[in-house]
Structure formats: C-alpha cells, structure tokens
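Asks: Dropping the structure in here first, questions after.
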Amino acid sequence: MQFARFPYQKRIKEFDFAAQPAVDRRLVEELATGRFLSEGRNIIFLGPPGVGKTHLAIALGEVTAELGHRVYFTTAIEMARKLTKAMHENRLSRELKNLTRPKLLIIDEVGYLSLEPAEASLVFQVISHRYERQGAVILTSNKAFGAWGEVFAGDAVMASAALDRLLHRCTVVNIRGESYRLKEKMRAGENGYAAEAANILTTA
Ligand code: ADP
Ligand code: MG
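Residues 224 to 427 in our numbering are what the sequence shown lists, from first letter to last.
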C-alpha cells in the first residue's frame, strides 16, 4: 500500500452503484477478482469530472495490493514530469523500469493537462513497455479517444499507436452523468451555486 502511493483510500463497497447506472456492478466485481492482472488486461475509465473514475481506479488498486501485488499510482502529468527529470539526470531507463515492473500501474487524469511533445513520447514509452510485458494498466481520462491527439501534444500518430496498445486487451468503462460531489451537495440543499456549477459541467 505504501509503495502504491494512493492519494487517499477508496473502497468498492463505498461506491454507490445505484447513483451511477453507467457503471455495471457485476463488471466491477469481476474486475475486483484481479483476473485482469494475470490476463495483462487494461482498464480505462472515461468520463467527465466527479463521476467516480479515480474512486474506482484506487479501489481496484487497493484490491490488487491486498492480493499481494505491487501497484503504483500516478497522474499522467506527474509521471511525465518525473520521466523528464530522470532523462535530464541520465537515469531514464531506471525510471522506466520502476514504471514497468509493478504488476499494476494506475495512470490517473490522462488529458486534464496537455503534455509537451517530449513528455508525450516518454508517456508513450511507458505504455509501450508495459504492453510488451503484458503489464496491466488502469487509466482514467476525461477525453474521448478521438481527442487523444491533443493528449499526446497534437501527435495523432503517437496517440493512435498508444491507443492501439492500450486497447488490445482492455475493458473500457464509459461513465456519464453529473458529478457525484455536486449532486450530493444539491441533495443537501446547498444553494444555487452548486446547481449552477453542475449545469456548467453537464453543458460543457
Ligand atoms: P473523477 O475521478 O471521475 O473526477 P472521483 O472518483 O474523484 O471523480 O469522484 C469524486 C468524489 O465523489 C470522490 O470523493 C468519490 O469517492 C465520490 N464519488 C463519485 N461517484 C461516486 C459513487 N457513485 N458512489 C460514491 N462516491 C462517489
Ligand atoms: Mg479523478
């Protein structure tokens, strides 16, 4: 658990499936058996902010750690920055190994911040290395696959090569709907501010 560096703890049992009909409870329970790990299967959670992507990614990461496997949690931008630093300090191959070896790598928030071209190619290398070793990746993104060119610094060729590897063995969970956080606030009767914010999010 310490190695994984989860930003906080989230459990599958804390996930309110009734509030999120786009997420199939049986599918999540199947994923929580950890079979996807031995199959080298990836999981991609797609959707707007606040719909539970990071929650589910962490929860599956915790299950994986409890099964006795190494897990490493990072965001796309943190990983890109670390790799860039390592490259400048002549220790890129060691950093790449650190990201390739864990049984499960969780890359959160792909697409929230755009990558520089050099960063995009480093992230691509991680995806490619893990694909070659059949190492499972859980990835979350707010960007539909069609917009991944932007994620990879405008390089549509690199984006489709990355997607090709990720999607070869992959479960994609498309989550829709409103932010759970804002919904909770509105249910609690907190003024027009949250309602307005929710409106902006759903119409964006
Ligand atoms: P995302 O990563 O999609 O932006 P998060 O996973 O960070 O969203 O969810 C935002 C907050 O709302 C978190 O505290 C999360 O635990 C909670 N949350 C989201 N969806 C659900 C849900 N269906 N049931 C319980 N909590 C949820
Ligand atoms: Mg998130």
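Note that CB positions come from ideal geometry on N, CA and C, so glycine has one too. No experiment lies behind these values; they were computed from the predicted model shown.
1) In the DSSP output, what is T297 paired with across the bridge?
2) Consider the C-beta atom of T277 and the heavy atoms of the ligand ADP; say whether any pair is separated by less than 7 Å.
3) Tell me where the alpha helix (DSSP H) around L322 begins and ends.
4) Using the Cα positions of G270 and A367, report the straight-line distance between them to the nearest angstrom.
5) Where does F268 sit, in a helix, a strand or coil, going by DSSP?
6) Rounded to whole angstroms, what's the CA-CA distance from A427 to N365? Just pull it up for me.
7) Determine, using beta carbons only, whether A245 and I361 come nearer to each other than 8 Å.
8) Since S402 and V274 are thought to touch, with beta carbons under 8 Å apart, how far apart are those beta carbons, to the nearest angstrom?
9) Please go through the same chain and pick out, in chain order, the residues whose beta-carbon is closer than 7 Å to the beta-carbon of S351, but skip the five residues on each side of it.
10) Could you check if F226 is buried or exposed, using at least 16 other CB atoms within 10 Å of its CB as the buried criterion?
11) Over the uninterrupted alpha helix (DSSP H) stretch that includes I398, give me the two end residues.
12) Just to confirm, does D387 get its C-beta within under 7 Å of one of the non-hydrogen atoms of the ligand ADP?
13) When you compare the CB positions of V349 and V374, do they come within less than 8 Å of one another, or not?
14) How would you call E231, buried or exposed, if buried means at least 16 neighbouring beta carbons within 10 angstroms?
Replies: Let's see:
1) Translated into the one-based positions of the sequence shown, residue 297 becomes position 74. Answer is I330, bridged to T297.
2) By 1-based counting over the sequence shown, the position of residue 277 is 54. Checking the Cβ of T277 against the ligand ADP gives yes.
3) Walking along the sequence shown from the start, residue 322 turns up at place 99. First-last of the alpha helix (DSSP H) with L322: 315-323.
4) Taking the first residue of the sequence shown as 1, we reach residue 270 at position 47. Taking the first residue of the sequence shown as 1, we reach residue 367 at position 144. In a straight line, the C-alpha of G270 is about 8 Å away from that of A367.
5) Looking up residue 268 in the sequence shown gives position 45. Reduced to three states, the DSSP call for F268 is strand.
6) Sequence index remark: in the sequence shown, residue 427 carries index 204 (1-based). Sequence index remark: in the sequence shown, residue 365 carries index 142 (1-based). With a pLDDT of only 49 at A427, under 50, the local geometry of the prediction cannot be trusted, and no value is derived from it.
7) Sequence index remark: in the sequence shown, residue 245 carries index 22 (1-based). Sequence index remark: in the sequence shown, residue 361 carries index 138 (1-based). Contact: no.
8) Here residue 402 is taken as the residue at index 179 of the sequence shown, counted from 1. Here residue 274 is taken as the residue at index 51 of the sequence shown, counted from 1. The pair is a contact, with the Cβ atoms about 7 Å apart (cut-off 8 Å).
9) On the sequence shown, position 128 is the one that residue 351 refers to. Counting only Cβ-Cβ distances below 7 Å, and skipping sequence neighbours, we find R388.
10) Numbered from its first residue, the sequence shown carries residue 226 at position 3. Here F226 is exposed. Its C-beta has fewer than 16 other C-beta atoms within 10 Å.
11) As a first step, residue 398 must be located in the sequence shown, where it is residue number 175. Looking at the DSSP string, I398 is not in any alpha helix (DSSP H), and its letter there is neither H nor E.
12) Along the sequence shown, one-based indexing puts residue 387 at 164. No - the ligand ADP has no heavy atom lying nearer than 7 Å to the Cβ of D387.
13) Counting from 1 along the sequence shown, the entry for residue 349 is found at position 126. Counting from 1 along the sequence shown, the entry for residue 374 is found at position 151. No. Outside cutoff.
14) Residue numbering aside, residue 231 sits at position 8 when the sequence shown is read from its first letter. Before going on, a small fix: residue 231 reads as Tyr here, not Glu. Exposed: under 16 other Cβ atoms inside 10 Å.
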